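Quick note, the working numbering runs 48 ahead of the 1-based positions in the sequence shown.
Don't be surprised by glycine CBs; every beta carbon is placed ideally from N, CA and C.
Since the structure is predicted, the reported quantities are computational estimates derived from the model, not experimental observations.
Quick notes on the structure that follows.
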Amino acid sequence: MNFKILGIEHVAIAVSSLKEPSKVFGDILGIDNTSTEEVVDQKVVTDIFDTGRGKVELLEATSEDSPISNFLEKRGNG
Numbered sequence: 049m050n051f052k053i054l055g056i057e058h059v060a061i062a063v064s065s066l067k068e069p070s071k072v073f074g075d076i077l078g079i080d081n082t083s084t085e086e087v088v089d090q091k092v093v094t095d096i097f098d099t100g101r102g103k104v105e106l107l108e109a110t111s112e113d114s115p116i117s118n119f120l121e122k123r124g125n126g
């Protein structure tokens with residue numbers, strides 16, 4: 049099989065809090081936050097930063113029983 053990746057639409061990063069990582073992406077790196085949204089059924093709040101060639105999505109859990117909380121408990125931020 050021979051194929052070529054043309055790009056990456058977005059990368060998601062689980063974080064314990066949106067505050068500090070959002071400062072890094074927005075204030076320090078100068079990447080625009082294009083949306084902040086609560087996804088109730090997934091029990092997360094997301095900040096999306098558009099690099100112009102792809103997006104970075106930061107995910108913060110809104111509940112201790114969310115998939116993101118479970119991920120963070122097992123693996124930490126990242």
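Handout entry: Residues bridged to Phe-119 (per DSSP)
Key = Looking at the DSSP assignment, Phe-119 forms no beta bridge with any residue, so it has no partner.
Exercise for the section: Check each candidate in Leu-107, Pro-115, Ser-83, Gly-102 and name the one with the smallest Cα separation from Ile-56. Expected result: Gly-102
Handout entry: Residue environment, Phe-51, which counts as buried when at least 16 other CB atoms sit within 10 Å
Key = exposed
Exercise for the section: Rank Val-92, Gly-100, Glu-108 by C-alpha distance to the C-alpha of Thr-82 and give the top, closest one. Expected result: Gly-100
Exercise for the section: In angstroms with no decimal places, state the Cα-to-Cα distance between Thr-94 and Glu-108. Expected result: 6 Å
Problem - Pair within 8 Å by beta-carbon distance, Leu-120 and Ser-64 - result: yes
Handout entry: For Ser-83, the residue or residues it bridges with in DSSP
Key = Ile-96
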